[in-house]
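Chemist:
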Amino acid sequence: MPVLELRDLSLRFGGVTALAGFGMEVHNGELLALIGPNGAGKTSVLNCVSGLYRAQEGTITLTEPDGASHALHRLAPHRIAALGVARTFQNIELFKHMTVLENLMLGRHVHMRGGVLSGGLYLGRQRRAEIEHRRYVEEVIDFMNLEPLRSAEVGNLAYGNQRLVEMARALALDPRILLLDEPTAGMNAEEKESMARFILDVQEERGVTVVVIDHDIDVIMDISDRVVVLDFGRKIAEGTPDRVRNDPAVIDAYLGRTRETA
Amino acid sequence: MSLECGVFHTRYESDMGLRPWPMQRIRLAVFAVFVLVFPFVAGPYWVDLANQIAIATVGAIGLNILVGYTGQISLGQGAFMAIGAYTAGLLTLNLGLPWGVSIALACVFTSLAGTFFGLPSLRLKGLYLAIATLAAQEIVEWAMTHWTAVTGGTEAIVIPAPRLFGVRLNSTFAFYWFGVLMAAGTALFAANLFRTRMGRAFVAVRDQDIAASVIGVNLFRTKLLAFATSSFFVGLAGAMIAYYRTIITWERFTLETSIVYLAMIIVGGLGSIRGSFFGAVLITLLPALINNAGRALQDTAPVVANLLPYAQQAVFGVVIILFLIFEPKGLSKLWGNVKDYFHVWPFAYRRG
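Same order as they appear, the protein sequences are chains A and B.
Numbering follows our numbering, with no gaps: position 215 of the first sequence is 215.
Heads up: take any position in the second sequence, counting from 1, add 262, and you land on our numbering.
Set out below in structure tokens:
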């Protein structure tokens, strides 16, 4: 039973086709990698799932453990987040004037209650909620080893740390599905390795289903259970890392040859 | 006396306090004593200025909630203050409602009006939104001067003085306490707001609205709530002016008012409550200080003294330009720098 099912997604921007009938299934608890050449439509897939883009055709269905299903292609981004879908961005989209702690507390937004009035008065219930969720956030901080950065303003942090904070913010949402868009981009070998370990920990210890996009094929092949390959908005291959690595269609796509001339 | 070093919080509650360090509490206490003693030692001229500062603080915090914290630029401050002032005044004048009730209703009504004029923010950002709020300003200004049946047109409305237990509340001395109470209440409310869920969502919308939406913040609701919250306090400031002066005229609520308030929060510090207060102090005192300087120079250098009234606008502009160039984060940042220096004193490293 797939936790997330994308079917026949088509997304066009004017004359440009980003996705052309793309479909895939994400199974519960797996670490799925989404790879493909530049411009293949990988980020577009994530943007459709998180509700930032609206595909002209196709459906995206999220199925909860109790069997309830939701048509994500009709929901606004904040509703999708409330269903437990969290993500990070290729270009790191943090709230850069806030501290690490405040960024992570925003990750708790969908789990908290309280509006302007209860916040401004800060009476018993709101106070208790803030403390209770602070406790959860501290667990995430511990998990991601962010203790020394807790009260630093995010805009001042080093690039690699910002990536960790962004992932921590997504984890604070206590997601069922975590979408990671190039989590190791711009990192050196050591940072990549530690990020890869975090991703594996998230999947194994926290039981989160992970969909990851990355250009570092070595990292991808090492950590993922299954790989989906995209080219020109279509799925061209799918399977275990080993199978995909040797798939002629994938080799063609990456080397830029067509079947006929090969 | 303990600064920040050596203070270890062992409970989240104490760590999350508004003033988690002893030094901050001492500073606050000193300031509170100053506020309590001030009207007894200062003359009515200065207490009147303090009252204006209290009103401006409420208005500036209101505007800062929208512009500084939520990132929605508004040129409609004057309009929203006008709605607060006229609503409060007209309710008392026409329906005979007690001033407390009128003020509360004025805040609520301004809040609704602000939400309505905030609707374009769902589509528009930055300067485009500024122009849309400018439209609000123009519409309200037009209504004030032309809707004679309700607002009295260009003629001033005179409302009865507010009384509490038989004491006239709009005397300089009595209003001081009311003003301080309102300003302190507004500041406390805003400070609490921005350390809790919804306040954080406001700031998230400002910093990175797309990320805010995928983390679960409803942009539509949050922006409108920011407009509603902001205009509530702006309306309060307007209603305070109405009851303090007991004369309501449209001239107090023109586009210039909007600009002056924007200047206040820019000079004081965008997205800062203490900055709103600092800005209110500076922008209120600046013309008064220039006037006094003019009077002082009347005998010794009459030429300069005669020029000073004209220089007022220029000085105002120069101050804003200087701040934009040298300290875009405003007085609040300057104060922060001073505090940072002493933060871990006597060690030299800085926080963070």
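Every residue gets a Cβ at the ideal spot worked out from N, C-alpha and C, and that includes glycine.
These figures come from a predicted structure and were not determined experimentally.
1. Any beta carbon of chain B sitting closer than 8 Å to that of Pro77(A)?
2. Less than 8 Å between CB atoms is the rule here; does Ile131(A) satisfy it with respect to chain B?
3. May I ask which residues mark the beginning and end of the alpha helix (DSSP H) holding Pro306(B)?
4. Quick one: Cα of Arg74(A) to Cα of Ala55(A), how far?
5. Contact criterion: CB-CB distance below 8 Å. Does Gly614(B) meet it with respect to chain A?
6. Select from Leu481(B), Ala350(B) and Leu548(B) the residue whose C-alpha is nearest the C-alpha of Ala504(B).
7. Please list the terminal residues of the continuous beta strand (DSSP E) segment that includes Thr516(B).
8. Given 8 Å as the limit, is there contact between the region 511-522 of chain B and the region 352-372 of chain B, that is, 3 or more CB pairs closer than that?
9. Quick check on DSSP: helix, strand or coil for Met24(A)?
10. Would you call the CB atoms of His215(A) and Glu182(A) closer than 8 Å?
11. Short of 7 Å in beta carbon distance, which residues of its chain neighbour Asp114(A), apart from the five on each side in sequence? Order them along the chain.
12. Tell me, please, which residues DSSP counts as bridged to Thr209(A).
13. Taking the beta strand (DSSP E) that Ser151(A) belongs to, which residues open and close that run?
14. Note down, in chain order, each residue of its chain lying with its Cβ closer than 6 Å to the Cβ of Asp218(A), except the 5 sequence neighbours on either side.
15. What is the DSSP secondary structure of His109(A), counted as helix, strand or coil?
16. Can you check which of these residues, Asn91(A), Gly107(A) and Ile92(A), is closest to Val85(A) by C-alpha distance?
17. Does the beta carbon of Val269(B) sit closer than 8 Å to a beta carbon anywhere in chain A?
18. Does DSSP put Gly58(A) in a helix, a strand or coil?
19. List the whole-angstrom C-beta distance separating Ser69(A) from Thr59(A), where the pair is believed to meet the contact cut-off of C-beta under 8 Å.
20. For Asn161(A), which option in Leu173(A), Asn145(A) and Ala172(A) has the closest C-alpha, if you only look at C-alpha atoms?
21. Quick check on the burial criterion: 16 or more other C-beta atoms within 10 angstroms. Buried or exposed for Ala398(B)?
22. Please report the straight-line C-alpha distance between Val299(B) and Ala490(B), rounded to a whole angstrom.
23. Would you identify the three-state DSSP class for Ile477(B), choosing helix, strand or coil?
24. Could you compute how far the alpha carbon of Ser224(A) sits from the alpha carbon of Asp66(A)?
25. Tell me the rounded alpha-carbon separation between Ala294(B) and Leu450(B).
26. I'd like the list of long-range same chain contacts for Asn313(B), defined as Cβ closer than 7 Å, with 5 residues on each side in sequence excluded.
27. Exposed or buried, Ile393(B), counting other C-beta atoms within 10 Å across all chains shown (16 or more means buried)?
28. Using the C-alpha atoms, what's the distance from Trp597(B) back to Pro590(B)?
29. What residues in its chain sit with their C-beta under 6 Å from that of Met278(B), if we drop five residues either side in the sequence?
30. Using a Cβ-Cβ cut-off of less than 8 Å, list which residues of the region 35-62 of chain A approach chain B; keep chain order.
31. Using a C-beta cutoff of 8 Å, does Tyr159(A) count as contacting chain B?
32. Taking the runs of the alpha helix (DSSP H) that are 4 residues or longer, which of them lie wholly in the region 220-256 of chain A?
33. Who are the Cβ neighbours of Met263(B) in its own chain at under 8 Å, not counting the five residues just before and after it?
34. When you compare only the Cα positions, how much space is there between Ala196(A) and Asp174(A)?
35. Could you tell me which residues DSSP puts in a beta bridge with Phe464(B)?
36. To be precise: take each residue of the region 110-125 of chain A, compare its Cβ to all Cβ atoms of chain B, and keep it if any distance is under 8 Å. Which residues remain?
Modeler: Inspection of the coordinates gives the following:
1. Sequence index remark: in the first sequence, residue 77(A) carries index 77 (1-based). Judged by the 8 Å Cβ criterion, Pro77(A) is in contact with chain B.
2. Numbered from its first residue, the first sequence carries residue 131(A) at position 131. For Ile131(A), the answer is yes, since a Cβ of chain B falls inside 8 Å of its Cβ.
3. For the purposes of this step, residue 306(B) is identified with residue 44 of the second sequence, where counting begins at 1. Pro306 to Asn326 is the span of the alpha helix (DSSP H), which, as asked, contains Pro306(B).
4. Position 74 of the first sequence holds residue 74(A). Position 55 of the first sequence holds residue 55(A). The straight-line gap from Cα to Cα measures roughly 10 Å.
5. Taking the second sequence and counting its residues from 1, one reaches residue 614(B) at position 352. Low local confidence applies: a pLDDT of 45 at Gly614(B) is under 50, so the model's placement there is unreliable, and no value is given.
6. Within the second sequence, residue 504(B) is the residue found at index 242, counting from 1. Of the listed residues, the one whose Cα sits closest to Ala504(B) is Ala350(B).
7. Residue 516(B) sits at position 254 when you count from the first residue of the second sequence. Thr516(B) -> no beta strand (DSSP E), and no H or E assigned at all.
8. no
9. Sequence index remark: in the first sequence, residue 24(A) carries index 24 (1-based). Three-state result, Met24(A): strand.
10. In the first sequence, counting from the first residue as 1, residue 215(A) sits at position 215. In the first sequence, counting from the first residue as 1, residue 182(A) sits at position 182. Yes.
11. As a first step, residue 114(A) must be located in the first sequence, where it is residue number 114. According to the sequence provided, residue 114(A) is Gly. The question's Asp does not apply to it. Counting only Cβ-Cβ distances below 7 Å, and skipping sequence neighbours, we find Gln126 and Ala129.
12. Against the first sequence, residue 209(A) aligns to sequence position 209. BP columns for Thr209(A) point to Ile177(A).
13. As a first step, residue 151(A) is located in the first sequence; it is residue number 151 there, counting from the start. Looking at the DSSP string, Ser151(A) is not in any beta strand (DSSP E), and its letter there is neither H nor E.
14. Taking the first residue of the first sequence as 1, we reach residue 218(A) at position 218. None.
15. Numbered from 1 along the first sequence, position 109 holds the residue referred to as residue 109(A). His109(A): helix per DSSP, three-state reduction.
16. Taking the first residue of the first sequence as position 1, residue 85(A) is located at position 85. The candidate whose alpha carbon is nearest that of Val85(A) is Gly107(A).
17. Taking the first residue of the second sequence as 1, we reach residue 269(B) at position 7. Chain A, which has no Cβ nearer than 8 Å to the Cβ of Val269(B), makes this no.
18. Indexing the first sequence from 1 puts residue 58(A) at position 58. Strand at Gly58(A).
19. The count along the first sequence starts at 1 and reaches residue 69(A) at position 69. The count along the first sequence starts at 1 and reaches residue 59(A) at position 59. Incorrect: roughly 10 Å between the Cβ atoms, too far for contact.
20. Residue numbering aside, residue 161(A) sits at position 161 when the first sequence is read from its first letter. Among Leu173(A), Asn145(A) and Ala172(A), the Cα nearest to that of Asn161(A) is on Asn145(A).
21. As a first step, residue 398(B) must be located in the second sequence, where it is residue number 136. The residue in question, Ala398(B), is buried, as its Cβ has 16 or more Cβ neighbours within 10 Å.
22. Here residue 299(B) refers to the residue found at position 37 of the second sequence. Here residue 490(B) refers to the residue found at position 228 of the second sequence. Looking at the two C-alpha atoms, the distance is approximately 35 Å.
23. Along the second sequence, read from residue 1 onward, the residue named residue 477(B) stands at position 215. Reduced to three states, the DSSP call for Ile477(B) is coil.
24. Your numbering for residue 224(A) matches position 224 in the first sequence. Your numbering for residue 66(A) matches position 66 in the first sequence. Going from the Cα of Ser224(A) to the Cα of Asp66(A) covers about 26 Å.
25. Numbered from 1 along the second sequence, position 32 holds the residue referred to as residue 294(B). Numbered from 1 along the second sequence, position 188 holds the residue referred to as residue 450(B). Roughly 14 Å separates the two Cα atoms.
26. Start at 1 with the first residue of the second sequence, and residue 313(B) comes out as number 51. Thr434, Phe437, Tyr438, Gly441 and Tyr506.
27. To locate residue 393(B), count along the second sequence from 1; it is residue 131. It counts as exposed.
28. The sequence position of residue 590(B) within the second sequence is 328, counting from 1. The sequence position of residue 597(B) within the second sequence is 335, counting from 1. So the alpha carbons of these two residues sit roughly 13 Å apart.
29. Taking the first residue of the second sequence as position 1, residue 278(B) is located at position 16. Counting only Cβ-Cβ distances below 6 Å, and skipping sequence neighbours, we find nothing.
30. Ser50, Gly51 and Leu52
31. Position 159 of the first sequence holds residue 159(A). Output row for Tyr159(A): interface = no.
32. 241-245 and 248-255
33. What you label residue 263(B) is simply residue 1 of the second sequence in a count that begins at 1. With a pLDDT of 37 at Met263(B), under the threshold of 50, the predicted position of this residue should be treated as unreliable, though the coordinate-derived value follows. Closer than 8 Å at Cβ, skipping near neighbours: Pro284, Met285 and Ile288.
34. Within the first sequence, numbered from 1, the residue matching residue 196(A) stands at position 196. Within the first sequence, numbered from 1, the residue matching residue 174(A) stands at position 174. Distance between the alpha carbons of Ala196(A) and Asp174(A) is about 19 Å.
35. The sequence position of residue 464(B) within the second sequence is 202, counting from 1. DSSP output for Phe464(B) lists no bridge partner at all.
36. Val110, Met112, Arg113, Gly114, Gly115, Val116, Ser118, Gly119, Gly120, Leu121 and Tyr122
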